[in-house]
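Just so we're aligned, residue 254 is where the sequence shown starts under our numbering, counting upward by one. Ideal Cβ positions, reconstructed from N, Cα and C, are used throughout, including at glycine. Each remark here refers to the structure printed beneath this line.
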Amino acid sequence: MVAYHSIWFGTALGAYNLRQKVKAMENVILPSLETQIVVDLLVKRLGPCTIFAFGYLNTITSVSGLLPTQLHSETTQHHFDILVLSAKAFPNGASNLANAIAEQSGKTITVSVLLHKVTDLATKQASQQWFFDQVFRYGERLSLDTTASPYLLNHRPTRNIEGDRIYWFKCVGVAQFHLNAATESEQLEVALCKIALLHTACEQIALGLLRVFLGYTPNEFGLKYLLQLCGSFTDLPSQLFHQQTPEAIQRYKMLCAPLGMLHHWTRLTAPEQDFDWLLDACEVFLKQANAIALIELERLEDTFNPLGVIQVFSFKHLET
């Protein structure tokens with residue numbers, strides 16, 4: 254028998270928005286040992302940097318046998334959502350850091366890392382400004398680089414809801430184009446090219462979801478990384494692209510393979526059933542992502558008044 258206990262911040266639709274997450278951090282006491290492991294590794298790899306936590310998930314798995322002689326065991330998994338600001342650029346550093354933390358902890362600690370240079374705070378994108386501002390105001394600071402300190406703007410940034418809506422519909426259009434192209438092609442000998450089309454569609458869906466739910470646009474675009482980031486506010490990726498069987502794991506690897514691999518592969522065939530399974534999953538991903546994104550955009554429009562000022566809310570810490 255396996256039992257799970259999670260601490261997270263959510264809504265009834267299984268999707269979480271940034272303001273709920275960071276406001277709920279006020280009620281969370283982060284585990285000191287695991288937090289220090291994360292901070293130590295980040296500082297070791299990056300050098301002096303500023304680190305904020307804006308989300309935390311604690312999952313306890315209990316395994317009990319049915320016989321009296323069988324032992325009862327519990328394992329705890331910790332997941333952190335982390336914003337890291339450094340004076341230096343580290344291309345593709347976020348996914349590498351996340352992998353290193355998981356490996357060092359025996360996969361008992363996982364991290365979604367958002368890695369930026371301090372100069373990225375000067376972005377002109379309103380929703381990105383709002384994202385940084387929310388994390389600084391309500392997240393928990395774990396480390397501070399005093400030589401390149403982050404800063405709050407001299408005004409309170411506001412979400413550009415209309416711009417985020419336009420961006421979402423752009424992502425839907427690009428994703429739909431690639432899904433249609435993959436569906437209409439009957440060339441089985443280039444199945445990996447068709448899966449590359451699905452890869453691009455999922456990238457666009459993930460980028461759109463990140464903009465809608467977090468107001469955030471990453472500077473790293475690997476599909477596996479983007480889907481992991483989406484996991485901080487929705488379980489759609491883990492549900493649709495589950496990795497519970499060897500076949501599912503292989504299909505996920507095919508979907509997430511970097512597009513640049515097409516420059517090197519000479520054989521582009523793949524089992525037709527693998528492509529069909531991935532196509533079905535991607536089409537459902539787009540449909541369900543669009544449903545929750547439109548609901549969230551409507552909620553955002555109701556939350557912000559015409560001047561872009563957020564109304565007063567009281568958010569409760571939820572346990573599921």
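Do Ala428 and Leu539 count as a contact pair if the criterion is CB distance below 8 Å? Numbered from its first residue, the sequence shown carries residue 539 at position 286. Numbered from its first residue, the sequence shown carries residue 428 at position 175. Yes; because the gap between Cβ atoms is below 8 Å, this pair is in contact.
Going by DSSP, what residues sit across from Gly308 in a beta bridge? Counting from one through the sequence shown, the residue named residue 308 turns up at place 55. DSSP output for Gly308 lists Asp334 as bridge partner(s).
Measuring alpha carbon to alpha carbon, tell me which residue in Leu283, Val425 and Asp533 is nearest Asp334. Here residue 334 corresponds to residue number 81 of the sequence shown, with the count starting at 1. For Asp334, the nearest C-alpha among the options comes from Leu283.
Are Gly475 and Tyr420 close, meaning C-beta to C-beta below 8 Å? Here residue 475 refers to the residue found at position 222 of the sequence shown. Here residue 420 refers to the residue found at position 167 of the sequence shown. The answer is no: Cβ separation not under 8 Å.
Cβ contact (3+ pairs, closer than 8 Å) linking the segment 412-419 and the segment 436-449: no
Buried or exposed: Leu553, going by 16 or more other Cβ atoms within 10 Å of its Cβ? Taking the sequence shown and counting its residues from 1, one reaches residue 553 at position 300. Per the 10 Å Cβ criterion, buried.
Among Glu442, Ser358 and Tyr404, which has the Cα closest to the Cα of Thr372? The residue given as residue 372 occupies position 119 in the sequence shown. When only C-alpha atoms are compared, the closest one is Tyr404.
Answer with buried or exposed for Thr522, where buried requires no fewer than 16 other C-beta atoms within 10 angstroms of its C-beta. For this step, residue 522 is matched to residue 269 along the sequence shown. Flag for Thr522 reads exposed.
Within 10 angstroms of its Cβ, does Ser402 collect 16 or more other Cβ (buried), or is it exposed? In the sequence shown, residue 402 corresponds to position 149, counting from 1. Label assigned to Ser402: exposed.
Can you say whether Asp555 is buried or exposed, counting buried as having 16 or more other CB atoms within 10 angstroms of its CB? Numbered from its first residue, the sequence shown carries residue 555 at position 302. The residue is exposed, with fewer than 16 neighbouring Cβ atoms inside 10 Å.
Please look up how many angstroms separate the CB atoms of Ala355 and Thr363, rounded, as I've assumed it's under 8 Å. By one-based count along the sequence shown, residue 355 stands at place 102. By one-based count along the sequence shown, residue 363 stands at place 110. Confirmed, about 5 Å.
Close-in-space but distant-in-sequence residues of the same chain around Lys341 (CB under 8 Å, 5 per side omitted): Indexing the sequence shown from 1 puts residue 341 at position 88. For Lys341, where only same-chain residues beyond five positions count, the Cβ hits under 8 Å are Leu299, Gly300 and Lys370.
Buried or exposed: which applies to His516, given that a residue is buried once 16 or more other Cβ atoms fall within 10 Å of its Cβ? What you label residue 516 is simply residue 263 of the sequence shown in a count that begins at 1. By the 10 Å Cβ count, His516 comes out exposed.
Can you say whether Val425 is buried or exposed, counting buried as having 16 or more other CB atoms within 10 angstroms of its CB? Residue 425 sits at position 172 when you count from the first residue of the sequence shown. Counting Cβ neighbours within 10 Å, Val425 comes out buried, since at least 16 surround it.
Using C-beta distances below 7 Å, list every residue in its chain close to Leu532, excluding the 5 sequence neighbours before and after it, in chain order. Your numbering for residue 532 matches position 279 in the sequence shown. Closer than 7 Å at the Cβ level, and outside the excluded window around Leu532, lie Ala435, Thr436 and Leu451.
Looking only at C-alpha atoms, which of Gln503, Tyr469, Arg464 and Ala542 sits nearest to Asp488? Numbered from its first residue, the sequence shown carries residue 488 at position 235. When each option's Cα is compared against that of Asp488, the closest is Ala542.
Taking 8 Å as the cut-off, does the segment 405-412 touch the segment 381-394 (at least 3 CB pairs, one atom from each stretch)? yes
Pairwise C-alpha distance: Leu550 and Ala544: The sequence position of residue 544 within the sequence shown is 291, counting from 1. The sequence position of residue 550 within the sequence shown is 297, counting from 1. Cα to Cα, Ala544 sits roughly 10 Å from Leu550.
Whole angstroms are fine: how far does the CA of Glu442 sit from the CA of Leu271? Within the sequence shown, the letter at position 18 stands for residue 271. Within the sequence shown, the letter at position 189 stands for residue 442. Rounded to whole angstroms, Leu271 to Glu442 spans 43 Å at the Cα level.
Label Thr329 either buried or exposed according to how many other C-beta atoms from any shown protein chain fall within 10 Å of its C-beta, with 16 as the threshold for buried. Your numbering for residue 329 matches position 76 in the sequence shown. Label assigned to Thr329: exposed.
Where the beta strand (DSSP E) through Val371 begins and ends: Translated into positions along the sequence shown, residue 371 becomes position 118. First-last for Val371: undefined, no H or E at that position.
Return the first residue and the last residue of the alpha helix (DSSP H) that Glu393 is part of. Along the sequence shown, one-based indexing puts residue 393 at 140. Premise fails: Glu393 lies in the beta strand (DSSP E), Glu393 to Ser396, not in any alpha helix (DSSP H).
Would you grab the beta carbon distance between Ala351 and Ser365 for me? Rounded to a whole angstrom, and I think it's under 8 Å. On the sequence shown, residue 351 is found 98 positions in, with the first residue counted as 1. On the sequence shown, residue 365 is found 112 positions in, with the first residue counted as 1. Indeed, because the Cβ distance is near 7 Å, the residues count as touching under 8 Å.
Provide the residue span of the alpha helix (DSSP H) that contains Met507, from first to last. Residue mapping note: residue 507 aligns to position 254 of the sequence shown, counting from 1. Start and end: Pro499 to Cys509.
CA nearest to the CA of Leu480, picked from Cys455, Gly308, Trp530 and Leu286: Within the sequence shown, the letter at position 227 stands for residue 480. Ranking the options by Cα distance to Leu480, first place goes to Cys455.
I'd like to know whether the C-beta atoms of Asn311 and His331 end up nearer to each other than 8 Å. For the purposes of this step, residue 311 is taken as residue 58 along the sequence shown, with counting starting at 1. For the purposes of this step, residue 331 is taken as residue 78 along the sequence shown, with counting starting at 1. Yes, these two residues count as a Cβ contact at 8 Å.
Answer with buried or exposed for Asn472, where buried requires no fewer than 16 other C-beta atoms within 10 angstroms of its C-beta. Counted from its first residue, the sequence shown places residue 472 at position 219. With fewer than 16 other Cβ atoms within 10 Å, it is exposed.
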